[in-house]
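Here's the structure we're looking at; comments come further down.
Residue numbers (the working numbering), protein chains in the order written: chain L, 900 to 1312; chain Z, 12 to 317.
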């Protein structure tokens, strides 16, 4: 880099001097015999000076070269490989469209049930999901459910992912983080229906949904994951809460503890507590308490073929009424096993008192088989027996077909 | 005014914030291969953790809360991209409460950038084709030349996140590439006698490896990606192996070997378990050891079938 520029700078002068010397016919090596000041002598002096300069510069360059060679082999700072050209530009107008998914849930029922009248066949729900990142600070999720009673927003919330101090907030309509099952959408449940205690004590088949704010934070205890969620919702929730005044709010809190027992097994424990106005008198409230426990075993190498989950929830509803408190208790326990790549079996036991009359207790069990033709469709058969407090027993066979169109989002854990 | 820092410190302590990030850069990757490359390049300036184990199907990983903890402390997240992790990673990133590792920030590195990605669909795709990947085959790290690209990407990103370590990362990268060049020559030499050999694989996990070492994948035990073997398709594969004299059937460690074993029994082909990722076996401790193992296993099986 330096040498060529030097040569470029010096060469014309040196060449000119040489040419002059040659033109004057002076032998370069000859010694002048007389001292008179003549052009030849001047040229000689200049040439000598040039030689000296060159020698000095060459020496300096050689020294620098040697220094460079002696230095450790410090390659240039790593640079990232070039990224490939962006994908086809034909899509640019729709580039920022949300991921859209449609999940269909079709039911057929055999048998009789006087207490719960499902039609014999029903496209019970089509869930339309839109999910996208809103901006660097937030993400949006909207799920619209179309059913026999029309369309409604099942969930619709913004998740603020860039809050300070490791807070995560959701604002909008959310399924309350009460227990484990309530916050899961229908197609992620391992059964064809919701467990009895959730239906009886937590707002029916739709579950506890709230419009408001949900804030959570992780408080790790060593390697144990521990997350506290606090939620404040408006005081109305279908089948659960009813507010006489809009300042009457419903609250929920959930503590989730999770620990890996081994590479394959893990344990999750949740404690929930919620409260809200129940509308029976202007001041009457319903307090909810819950305990959920999930143990999973999934050997990583053979996870396609084997797996086992035990889960259960215990719920209590304490409902103030003008005629006194109704304290109702309910529980379910379920075991699910993966039998083969596409086959699962499950069994569930359940029992629950009724929220508005704790003296009435319903019980039941369910046994079922699930077959997934692929990741995007599912067939399920569930034999269910429910023994209602009115001394009515209902035996039913629920058959379910679920299918996914479009984006297949991640599975919640 | 003077008490303000003290108060903010108290608040920070009360909230359990990490007082100061530990000296080492925390690198979390989805695959153990990327963790191994990050370790090779980062040396003792980084600490690595991989979410998926080397013997686990990288498409199906549980989004466990314990991973949320790991991600909440990460300085750099290295992912395979191409939607390989779509089934579990997005909710983990959302719940990590760690803005550094969100896509678009320097702490998020998509390792596929600059790599040779095969099977990018050129015609419209539907799920009738099975679980196809619209962005191309995501098993690209099974080509050691792509491993070189990934190592360079990681070195560049580490230098950005930890400028003081740039010289170390450059030196480690140069050393890694020097060893990779030597190994590549060794692997090529081992597999050279079998150039052009036709093979059948379980899942379509090996197009990059096959291209690099000149193998010809002519069939899959899965009828379509993600669909388990069916009797009729298995029969087709048996006929194909007989007709084309296929010497080996390659399977990933996480698939049931009953169908491949049956095919082998019917055809005389040999079943070889190839490990797609570092950590698949205890002796596969780093990225070069991965190919040491796979190339040796393949060469031995092919030699025995000659």
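Glycine included, every Cβ here is placed at the ideal spot set by N, Cα and C.
By DSSP, does residue i sit in helix, in strand, or in coil?
i, result
"residue 306 (chain Z)", "helix"
"residue 1275 (chain L)", "coil"
"residue 1086 (chain L)", "helix"
"residue 1208 (chain L)", "strand"
"residue 1063 (chain L)", "helix"
"residue 923 (chain L)", "Note that residue 923 (chain L) has pLDDT 44, beneath the 50 cutoff, so the model's placement of it is unreliable and no number is given."
"residue 1033 (chain L)", "strand"
"residue 284 (chain Z)", "strand"
"residue 1301 (chain L)", "strand"
"residue 946 (chain L)", "helix"
"residue 194 (chain Z)", "helix"
"residue 171 (chain Z)", "helix"
"residue 201 (chain Z)", "helix"
"residue 939 (chain L)", "helix"
"residue 1323 (chain L)", "Here chain L has residues from 900 to 1312 only, and residue 1323 (chain L) is not among them."
"residue 952 (chain L)", "helix"
"residue 973 (chain L)", "With a pLDDT of only 48 at residue 973 (chain L), under 50, the local geometry of the prediction cannot be trusted, and no value is derived from it."
"residue 179 (chain Z)", "helix"
"residue 1074 (chain L)", "strand"
"residue 164 (chain Z)", "helix"
"residue 1103 (chain L)", "coil"
"residue 32 (chain Z)", "Residue confidence is low: residue 32 (chain Z) scores 48 on pLDDT, short of 50, so the model does not pin down where it sits. Its coordinate-derived value is still stated next. Note: residue 32 (chain Z) maps to coil in three-state DSSP."
"residue 277 (chain Z)", "helix"
"residue 291 (chain Z)", "coil"
"residue 148 (chain Z)", "coil"
"residue 958 (chain L)", "helix"
"residue 187 (chain Z)", "helix"
"residue 963 (chain L)", "helix"
"residue 1046 (chain L)", "strand"
"residue 300 (chain Z)", "helix"
Could you spell out the range, first to last residue, of the alpha helix (DSSP H) harbouring residue i?
i, result
"residue 316 (chain Z)", "Looking at the DSSP string, residue 316 (chain Z) is not in any alpha helix (DSSP H), and its letter there is neither H nor E."
"residue 53 (chain Z)", "43-53"
"residue 1099 (chain L)", "1095-1100"
Output the boundary residues of the beta strand (DSSP E) element that contains residue i.
i, result
"residue 1176 (chain L)", "1164-1176"
"residue 40 (chain Z)", "36-40"
"residue 1004 (chain L)", "998-1010"
"residue 221 (chain Z)", "No beta strand (DSSP E) holds residue 221 (chain Z); the alpha helix (DSSP H) holding it covers 218-223."
"residue 209 (chain Z)", "209-212"
Quick one: complete alpha helix (DSSP H) runs, 4+ long, within the stretch 55-128 of chain Z?
76-83 and 100-106
What residues in the stretch 1005-1017 of chain L bring their beta carbon closer than 9 Å to a beta carbon of chain Z?
none
Pairing CB atoms from the stretch 1050-1063 of chain L with CB atoms from the stretch 79-99 of chain Z, are three or more of them under 8 Å?
no
Note down, one range per segment and in chain order, each alpha helix (DSSP H) of at least 4 residues found wholly within the stretch 228-275 of chain Z.
242-255
To be precise: take each residue of the stretch 1183-1212 of chain L, compare its Cβ to all Cβ atoms of chain Z, and keep it if any distance is under 9 Å. Which residues remain?
1195, 1197, 1199, 1200, 1201, 1202, 1203 and 1204
Just by C-beta distance, which residues in the stretch 178-206 of chain Z are closer than 8 Å to chain L?
178, 180, 181, 182, 184 and 185
Just to confirm the assignment: which complete alpha helix (DSSP H) runs, minimum length 4, are found wholly within the stretch 1109-1172 of chain L?
none
Assess, as a yes-or-no matter, whether the stretch 250-257 of chain Z is touched by the stretch 229-238 of chain Z under the definition of 3 or more beta carbon pairs within less than 8 Å.
yes
Are the stretch 279-288 of chain Z and the stretch 297-305 of chain Z touching by the rule of at least three beta carbon pairs closer than 8 Å?
yes
Report the residue ranges of all alpha helix (DSSP H) runs contained in full by the stretch 1175-1242 of chain L; include only those spanning at least 4 residues, in chain order.
none
Is the stretch 1264-1278 of chain L close to the stretch 138-146 of chain Z, with three or more CB pairs under 8 Å?
yes
What are the residues in the stretch 70-83 of chain Z lying within 7 Å of chain L by C-beta distance?
71, 73, 74, 75, 76, 77, 79, 80 and 83
Report yes or no: do the stretch 1058-1073 of chain L and the stretch 1164-1171 of chain L share at least 3 C-beta pairs separated by less than 8 Å?
no
Contact list for the stretch 1077-1096 of chain L against chain Z, Cβ threshold 9 Å
none
If you pair each beta-carbon of the stretch 62-73 of chain Z with each one of the stretch 112-130 of chain Z, do three or more pairs fall below 8 Å?
no
Relative to chain L, which residues along the stretch 253-270 of chain Z have a C-beta separation below 9 Å, given in chain order?
264, 265, 266 and 267
Closer than 8 Å, Cβ to any Cβ of chain L: which residues of the stretch 147-168 of chain Z, in chain order?
160, 163, 164, 166, 167 and 168
Using 8 Å as the cut-off, can you tell me whether the stretch 1208-1215 of chain L makes contact with the stretch 1180-1198 of chain L, which would need three or more C-beta pairs spanning the two stretches below that distance?
yes
Mind the definition here: the stretch 31-48 of chain Z touches the stretch 1034-1043 of chain L only if three or more C-beta pairs lie below 8 Å; say whether that holds.
no
According to a CB-to-CB cut-off of less than 9 Å, which residues of the stretch 1258-1291 of chain L neighbour chain Z?
1272, 1273, 1274 and 1275
Say whether the stretch 1127-1139 of chain L touches the stretch 1159-1169 of chain L, bearing in mind that this needs 3 or more beta-carbon pairs closer than 8 Å, one atom from each stretch.
no
Residues in the stretch 229-254 of chain Z having any Cβ partner in chain L nearer than 8 Å
237, 238 and 239
Can you list, in chain order, the residues of the stretch 1141-1165 of chain L whose Cβ is nearer than 8 Å to any Cβ on chain Z?
1155, 1157, 1158, 1159, 1162 and 1165
Contacting positions in the stretch 1094-1117 of chain L - beta carbon closer than 9 Å to chain Z
1115, 1116 and 1117
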